[in-house]
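Position one of the sequence shown corresponds to residue 1187 (the working numbering), numbered consecutively onward. Note that beta-carbon positions come from the ideal geometry of N, C-alpha and C, so glycine has one too. All values reported here derive from a predicted model rather than from experimental measurement. To keep things clear, I will list the structure first and then write my remarks on it.
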Amino acid sequence: MSTRDVIEKLEKAFPADQVLFKGVEAYEERNNSYLSQLESDITPRVIFLPKSTKEVSEFLKIIKPCVGDGARFAIRGAGQQPLPGCANIQDEITLDLALLSGIQVSKGGVSIAAGERWGAVYNELSKDGLGVTGARSGNNGIGGLALSGGLSFFGSREGFVCDNVVNYEVVLASGDIVNANAKENPDLFKALRGGGNNFGVVTKFDMRTFTQGPFWGGAVFYFADQFPTQVEALVNEVTRPNASEETHIMISLFFAEELAKGMGLNQALGLNQAYYTQEVEKPPVLEPFVAMQPQIEQLNSMRMITLKGAAEEQAAMARTGVRCAYMNTTVKPDVATLKAASELFSAALEKVKDLEGIVYSLTMQPYPASLLKKTDELGGNVLGLESATGSLISFLFLMYWKNRSDDQVILKTTQELLDQIDTDAAARGTAVPYKYLNYAFTGQDPIGSYGAENKEFLQRVSEKYDPEGLFQKAVPGGFKLFT
Ligand SMILES: Cc1cc2nc3c(=O)[nH]c(=O)nc-3n(C[C@H](O)[C@H](O)[C@H](O)COP(=O)(O)OP(=O)(O)OC[C@H]3O[C@@H](n4cnc5c(N)ncnc54)[C@H](O)[C@@H]3O)c2cc1C
1187 MSTRDVIEKL EKAFPADQVL FKGVEAYEER NNSYLSQLES DITPRVIFLP KSTKEVSEFL
1247 KIIKPCVGDG ARFAIRGAGQ QPLPGCANIQ DEITLDLALL SGIQVSKGGV SIAAGERWGA
1307 VYNELSKDGL GVTGARSGNN GIGGLALSGG LSFFGSREGF VCDNVVNYEV VLASGDIVNA
1367 NAKENPDLFK ALRGGGNNFG VVTKFDMRTF TQGPFWGGAV FYFADQFPTQ VEALVNEVTR
1427 PNASEETHIM ISLFFAEELA KGMGLNQALG LNQAYYTQEV EKPPVLEPFV AMQPQIEQLN
1487 SMRMITLKGA AEEQAAMART GVRCAYMNTT VKPDVATLKA ASELFSAALE KVKDLEGIVY
1547 SLTMQPYPAS LLKKTDELGG NVLGLESATG SLISFLFLMY WKNRSDDQVI LKTTQELLDQ
1607 IDTDAAARGT AVPYKYLNYA FTGQDPIGSY GAENKEFLQR VSEKYDPEGL FQKAVPGGFK
1667 LFT
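Here's what the structure looks like:
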């Protein structure tokens, strides 16, 4: 029994609009709706769209007996992680969760079906003056974040996105539907907080909510010669004792062909995205990140903003239908390390600056000590960061480009850049093994970066809940546990 048999069974059991074949308009529309063209270049034989948790269970029961004969599948949330093959699969079956819908707000929490996007969640919560830790972009899916860590506007105060999940509804390899929370299946609960798509198909995420009014924030653009001063300000802010738990700051160095052509800014620019998550206008703590001069005044968007508005602004910054990739690493908050990284980035930029459609950026975002401390308070995860003795800085390398013929040069350039930065940080004693799964690319090892103990724990949990290794063998995309 092979993939073909699985597809025949799906066709018999479900209507045609849930089993989409290549060439059908709805198939093309779904397959072209990934964030990155690298994912859309992959063409599954069939896209299956379950409408309920029960249908996910039926799917797993159909495919399970065929795995030995080679049947494979991918699990897709919103398709916003640009890692090729993490949520799509060539010539096999993509289990697309888009039709699992529903957002229920209850006292202190919100229950979110796996096919929703954060923007819709924020819309619902804003009616009651509530917030939740979710993606900064409203267009992002739930699963990619809530199974991998997850950074939000409120991270400094509320912790990682995954640490704010209080219950996962999961369909296991057996087809059984279980809850994973602090009381029921607590080992699975912990494993899902960072373990990605390795344990089951999560159909619902129950998350804690908090009161959240409008807050101050936005973006500021400036010239790259001021970036070293911004690095100093960032390190100063995240390393000072009693750093504010209301700030969320990302500083980036980037080049965008569009700005180079449109505004004649043919150079790398600085971009700060800075937020203070209380209703306080122009909070002094953000001044070093927003008041630099000169800046590109017409692009300054600092203002009082709602969660919904902030997430819409972030979504608008993303491109669609173009080639996109992320890579990442982590370091200690050391000025010399950050400055060296930005110099290495500037050198790498010269190699890719002329590629058509290029956006090339290095974003430095803190993992403040207060965020890391929350992990224990909220029940633990597998990221291996709780023992960090202070804040950390994540480096995200984000790239967009137009042509497939440029894939190799841009990916190789950035892989080399990453190696140089890791080597430099290691020499300075400021390297940190952790790699964020959600921002990782082929060749990186986020699961290994959680540390041997956490990896072994994840392997044990997998053997317990998925003894035949369905999610290891039959779901090859993403980052696996036994490699
Ligand atoms: C503009 C922009 C802003 C962003 N902002 C943030 C941010 O603020 N914070 C942050 O942390 N990241 C951010 N990201 C990264 C982005 O949120 C992620 O890449 C995220 O993974 C997207 O989730 P998704 O559900 O769409 O993932 P998909 O691409 O659908 O899937 C990603 C992985 O998760 C697995 N998966 C997804 N859903 C499930 C499920 N229900 N059950 C089992 N496995 C599942 C898939 O198999 C796949 O391996 C941003 C990205 C962009 C483009």
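In this structure, the alpha-carbon of Ile1491 lies about 10 Å from that of Glu1467.
At least one heavy atom of ligand 1 lies less than 7 Å from the C-beta of Met1503. Here DSSP, grouped into helix, strand and coil, assigns Lys1494 to helix. According to DSSP, Gly1336 shares a beta bridge with no other residue. For Asp1610, the enclosing alpha helix (DSSP H) covers residues 1593-1614.
For Val1595, the number of other beta carbons within 10 angstroms of its own is below 16, and it is reported as exposed.
When C-alpha distances from Ala1511 are compared across Pro1270, Glu1542, Leu1535, Gly1403, the shortest belongs to Pro1270. Asn1353 and Arg1262 have their alpha carbons spaced roughly 20 Å apart. Taking 8 Å as the upper bound for CB-CB distance, Ala1260 and Val1661 are in contact here, some 7 Å apart. The straight-line gap separating the alpha-carbon atoms of Val1364 and Glu1355 is approximately 6 Å. Distances from the CB of Ala1626 to the heavy atoms of ligand 1 are all 7 Å or more. Residue burial is scored here from C-beta neighbours: Phe1340 has at least 16 other C-beta atoms within 10 angstroms and is therefore classed as buried. For Ser1580, the uninterrupted beta strand (DSSP E) run begins and ends at 1578-1587, by DSSP. When DSSP assignments are scanned along the segment 1499-1576, the uninterrupted stretches of alpha helix (DSSP H) that are 4 or more residues long and fall wholly within it turn out to be 1521-1538, 1555-1563.
Close CB contacts of Asp1652 within its chain, under the 7 Å cut and outside five residues either way in sequence, are with Leu1358, Ala1359, Phe1385 (chain order).
Under the Cβ criterion (8 Å, minimum of three pairs), the segment 1518-1535 counts as touching the segment 1611-1618. A check of alpha carbon separations from Asn1486 across Gly1495, Ala1460, Thr1506 identifies Ala1460 as the nearest. In the structure shown, the three-state DSSP call for Val1253 is helix.
With a cutoff of 8 Å on beta-carbon distance, Gly1324 and Thr1395 are scored as not near each other. Secondary structure note for Ala1405: its beta strand (DSSP E) is the uninterrupted segment 1401-1409.
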